[in-house]
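These notes are about the structure you will find just below.
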Amino acid sequence: MQDRKADIVLSVGTDMKFLPLVLSFTESSSRIFGLEDRDALKLTLASEEMFAYLCGMTGEARPVTLTMKNGFYYALLRFAFDNIDFDPRAFNLTANVSPDEEGLGEMGLLIASRSVDRMSIFHDPLEGTGIYLIKEKTYPEVEPWKSEEAPDGEGLSYGPPDVEDLKMFVRSIAGRYDPFVYPQDLRYPGKVVDMVASGEYGVLTATDRKGRMAGGMTWRSTGTSTIECYGPYVFVEKGRQDVGEGLVAALISTVARSEAICLMNRYPTAELPPGYFEKLGTIDFVLKGERRPWDFLFRELKEDPGCRVYAHAGMEDFLKTRYKRHFLAREIVPVKYEGERQNPHSVFGARFQHSQNLVVLSPLWDGADARENLARHIEVLKAEGIANILFRIDLGHGWHARLYPVIEANGFVPSIVIPYQGKADWLFFTLRD
Amino acid sequence: MFDVPLNKLVPEYIKKFEAYIPSRPDPELMRLYKVDHLWRLNNNENPLGPPEGSARVIAEFPPKRASIYPSGDSWYLRVKLAEKFDLDPDQIVFGNGANEAIAFVIKAFCQEGDNIITADKTFAVYEWVAAFSGFEARLVPLKDFGFDDEGMLGRIDERTKILFVCNPNNPTGTYWDEARLRRFLDRVAGRQIVVVDEAYCEFVEADDYPDAMKLLKEYPNLVTFRTFSKMYGLAGLRIGYLAGSRDVVDVIRRTCIVYSVNGLAQEAALAAIGDDDHVVRTRRHVNAEKAYLLEELANLGVETHAGEGCYVMARLPVSDTLVYRQLMAKGVMIRTMTGFRFPNWIRVSIGVHEAMEDFVRGLGETLSDREATL
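Sequence lines, in order, name chains Z and F.
Taking my numbering, the leading residue of the first sequence gets 1, the next gets one more, and so forth.
Taking my numbering, the leading residue of the second sequence gets 1001, the next gets one more, and so forth.
Structure below.
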């Protein structure tokens, strides 16, 4: 088995003379980590765009570290700067390679984003500042399967399946459930096997006395404080909530002593037992041209200690209503812009999730041009065909909350508060219709 | 001003950890939840407080003594307890709460690749300390709410160093009687360290409940934990201890942190030893309030489980973490049990009668208003 810890690292300057080295590094390490030719070339193309772009933006050469990580089912290429001593505007999705180039389609980061499955801009004291690109391996699609003899669901035991049972679990989900109640990853059995091997996915199944699979659940960490789960998927008669309850209880017991504070469920099925989750709200997503409501269900895994959140007056009523509804103890501290000096340029992070035609924008740097900059991001993303654009702020940062007039002026409305996702709660905004 | 290059300074394994955040002090919680009082029914504290002798020591503690280091190894306490339990003082090690003693034992016996065995639904600190120290914690499911001796024995391998048994178990209140504990120790046959955590032993009145202190002479691999936090009401001073055979304790002492138990805690604990009246009064209170609580929860149609100890478990039709928040908003703090791997159960400590009444009333109101749940 490949060693996930064995990252491959290249440190160079942002100088185009290193480009052949960067390309060779990306292509070779992609292949070492198991990407097929086509996928390795796509990631290499993205690295070329990214490196050329960074060379153009940094002016004189700056040290940049490229790290290739093996995610088993994907290769991750990370461009990181320890210190940003140049204009941070380079990290805006909307920044041009050079002032002479025109047209939204020629923006360096955007070109790079098209060749990969996920892209994200980060700025963090622990991680430094930079961009990562993720290219997933190509896997054969699932062949749905439905057992002729349904298990009776009696005398169930719960535990992680072996590889073949795991593939059978994935096939059984496809054989019994509408694709909208399971994430796209579950359409590829081989991918799920690799995701479990990488530690990114967890799966437990329920097995009856005769060893037949009666159902299962999957989950993954979406950050240090949250686990997202899917299901329960039940392969006995539809609506068997007792099997569903057993699965949910087993899942919660499995993750209860992890570091996660919250358990989310964005893919509930009819077998989800009542009383285990709370509904935070609903966001309408557009998938394949069809508008579908997505419920955000959650429960806390720990006792809520309460916390302080910052809020602009414009969103205070929304927050108060939500916090009251969910009995979340929050000390709301009002913030607003009061004429203080600002950096001239803002930076927004963009997290692409192509499988969901989704981009989540978030503030990275505050700046006087925030309103125009955000408008330009929306324009670029719409031109790129992105149907689902969310804006996310961390209510633990006063300057995030202070951006409310900028966010509101660009057509966003507050939609969902998810507790403890960052320094404090995250507030998601959706674009007004 | 320098930017600290944390991405370079912090080891990778530390980046993956999240700091454990304990609950905030009561005044902070009361301010956040907008309540003017808070009944603490979450930590199994003694509602009667410490014994009279300890209370007197605390009240009369001369401030000047705070500038003097305490006995580094709780000398007088060890001498007095040794006399009480017919042991040598060197068979006893004190810690800043029994939690610290758990860390001493794991550090003393485990190295890379080793494992410990305990139950899946018990006091979490055995598992946490092992996991955070890089050792495997093998968790054996409870059987009928109790520790499964055969299941634990079945998980032992050549890298197993310690078996932890919580007796009576927190949170289920079940216990192994003396015959069962002896059978277990005989089967282990000295090959591993067996820790019997008796944090709640003083609450148990059953005749067949074993006293691990009395078994130490027969089983040199046995280590027992006790605490002054529960029956003796000194939780705020953090003081607990372990006892075992001289050879085993000699090894444990190499990993223990001397001077970690403060002088006031030592003196208050010294005054508590042998106060049998306090034990009788506490038991009487716990028994009466536990009976009241079980009856009221039954009236609410709530499933309960109660064994030994100063706490009761209740299974709710809604998320325990939601009910926690709802009860906090009514000034009642209970323990959610998701962390004990009992999702949607809560554990309620026995408090003063007024607190029990407030809890019952608050829970009743909460259960009749379930709009926020799915």
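We put the beta carbon where it would ideally sit given N, CA and C, even for glycine.
Contacting residues, own chain, Cβ-Cβ under 7 angstroms from residue i (five flanking each side not counted)
i, result
"P1168 (chain F)", "T1174, Y1175, Y1200, V1204, G1307, E1308, G1309"
"M1231 (chain F)", "N1046, E1202, F1203, V1279, T1282"
"G105 (chain Z)", "For G105 (chain Z), the pLDDT reaches just 45, beneath the cut-off of 50, and the residue's location in the model is therefore unreliable, leaving the point undetermined."
"M1152 (chain F)", "I1117, V1140, L1163"
Chain F residues whose Cβ lies nearer than 9 angstroms to that of residue i
i, result
"A206 (chain Z)", "None at all; the shortest Cβ gap to chain F is about 15 angstroms."
"I252 (chain Z)", "T1338, R1341, P1343, N1344"
Beta-carbon neighbours of residue i, restricted to chain F and to distances below 8 angstroms
i, result
"A383 (chain Z)", "Going along chain F, no residue has its Cβ under 8 angstroms from A383 (chain Z), so there is no contact; the nearest lies around 35 angstroms."
"I111 (chain Z)", "Near I111 (chain Z) there are no residues of chain F at all, since even the closest Cβ is about 28 angstroms away, more than 8 angstroms."
"D82 (chain Z)", "P1005, N1007, K1008"
"G128 (chain Z)", "N1007"
Beta-carbon proximity list for residue i, same chain, < 6 angstroms, skipping 5 on both sides
i, result
"V1332 (chain F)", "W1039, D1358, F1359, G1362"
"R392 (chain Z)", "V360, S362, W426, F428"
"N1099 (chain F)", "V1125"
"I416 (chain Z)", "L280, G281, F296, F428"
"H354 (chain Z)", "D117"
"T209 (chain Z)", "This sequence places Arg at residue 209 (chain Z); Thr is not what is there. If we look at R209 (chain Z) and ignore the five residues flanking it on each side, its Cβ neighbours are G155."
"W219 (chain Z)", "G202, I227, C229"
"P1347 (chain F)", "Here the sequence assigns Arg to residue 1347 (chain F), which means Pro is not the residue at that position. The answer, listed in chain order, is P1171, Y1311, M1313, R1335, M1337."
"L54 (chain Z)", "T14"
"M168 (chain Z)", "none"
Delimiting residues of the alpha helix (DSSP H) encompassing residue i
i, result
"P462 (chain Z)", "Examination of residue 462 (chain Z) is not possible in this model, given that chain Z is present from 1 through 433 alone."
"A1269 (chain F)", "1263 to 1272"
"L1215 (chain F)", "1212 to 1215"
"I1058 (chain F)", "1052 to 1059"
"I1092 (chain F)", "No alpha helix (DSSP H) holds I1092 (chain F); the beta strand (DSSP E) holding it covers 1092 to 1095."
"I407 (chain Z)", "404 to 409"
"R376 (chain Z)", "370 to 383"
"M1231 (chain F)", "Premise fails: M1231 (chain F) is in no alpha helix (DSSP H) and is neither H nor E."
Residues near residue i in its chain [Cβ-Cβ closer than 8 angstroms; skip 5 each side]
i, result
"Q356 (chain Z)", "Q184, F285, L287, N388"
"E1267 (chain F)", "V1057, F1061"
"L434 (chain Z)", "Here chain Z comprises residues numbered 1 to 433, so residue 434 (chain Z) is not present and cannot be evaluated."
"L21 (chain Z)", "L10, V12"
"T407 (chain Z)", "First, the residue type needs correcting, since residue 407 (chain Z) is Ile and not Thr in the sequence shown. L374, F391, I393, F429."
"I437 (chain Z)", "Here chain Z comprises residues numbered 1 to 433, so residue 437 (chain Z) is not present and cannot be evaluated."
Residues that residue i bridges to, as DSSP identifies them
i, result
"F429 (chain Z)", "Z:F391, Z:P414"
"I1117 (chain F)", "F:R1138, F:L1163"
"T1224 (chain F)", "F:V1196, F:A1243"
"R1335 (chain F)", "F:R1347"
"T1304 (chain F)", "F:A1314"
"W1039 (chain F)", "F:V1332"
"I332 (chain Z)", "Z:V309"
"A350 (chain Z)", "Z:L361"
"Y158 (chain Z)", "Z:A206"
"K1143 (chain F)", "F:G1146"
Interface partners of residue i on chain Z, CB under 7 angstroms
i, result
"M1313 (chain F)", "Under the 7 angstroms cutoff, chain Z gives no residues; its nearest Cβ is about 15 angstroms from M1313 (chain F)."
"V1125 (chain F)", "Those do not exist, as V1125 (chain F) stays about 11 angstroms from chain Z at its closest Cβ, beyond 7 angstroms."
"S1260 (chain F)", "Chain Z residues near S1260 (chain F): none, gap ~26 angstroms exceeds 7 angstroms."
"R1347 (chain F)", "Near R1347 (chain F) there are no residues of chain Z at all, since even the closest Cβ is about 12 angstroms away, more than 7 angstroms."
"S1023 (chain F)", "E303, P305"
"L1032 (chain F)", "G306, A329, E331"
Contacts of residue i in chain F (Cβ-Cβ under 7 angstroms)
i, result
"E300 (chain Z)", "T1321"
"P125 (chain Z)", "L1006"
"R450 (chain Z)", "Not covered by the structure: residue 450 (chain Z). The range shown for chain Z is 1 to 433."
"A249 (chain Z)", "P1343"
Neighbour list for residue i in chain Z, Cβ cutoff strictly below 9 angstroms
i, result
"M1328 (chain F)", "E303, D304, G306, F327, A329"
"L1029 (chain F)", "P305, G306, A329"
Where the beta strand (DSSP E) containing residue i begins and where it ends
i, result
"S1349 (chain F)", "1345 to 1349"
"T282 (chain Z)", "278 to 287"
"L1077 (chain F)", "Unbroken run through L1077 (chain F) is the alpha helix (DSSP H), 1075 to 1085; no beta strand (DSSP E)."
"T129 (chain Z)", "128 to 136"
"N265 (chain Z)", "262 to 267"
"I8 (chain Z)", "8 to 13"
"E300 (chain Z)", "290 to 300"
"V1352 (chain F)", "Looking at the DSSP string, V1352 (chain F) is not in any beta strand (DSSP E), and its letter there is neither H nor E."
"I252 (chain Z)", "It is not in any beta strand (DSSP E) - I252 (chain Z) instead sits in the alpha helix (DSSP H) that spans 241 to 255."
"M119 (chain Z)", "118 to 124"
Contact list for residue i against chain Z, beta-carbon separation under 8 angstroms
i, result
"R1361 (chain F)", "Under the 8 angstroms cutoff, chain Z gives no residues; its nearest Cβ is about 17 angstroms from R1361 (chain F)."
Going residue by residue through the stretch 164 to 234 of chain Z, where are the continuous beta strand (DSSP E) segments of at least 3 residues, counting only ones entirely within it? DSSP runs (the beta strand (DSSP E)) wholly in the stretch 164 to 234 of chain Z: 201 to 207, 213 to 221, 226 to 234.
Ignoring anything shorter than 3 residues, give me the beta strand (DSSP E) runs that lie fully in the stretch 34 to 89 of chain Z, in order along the chain. 63 to 70, 74 to 81
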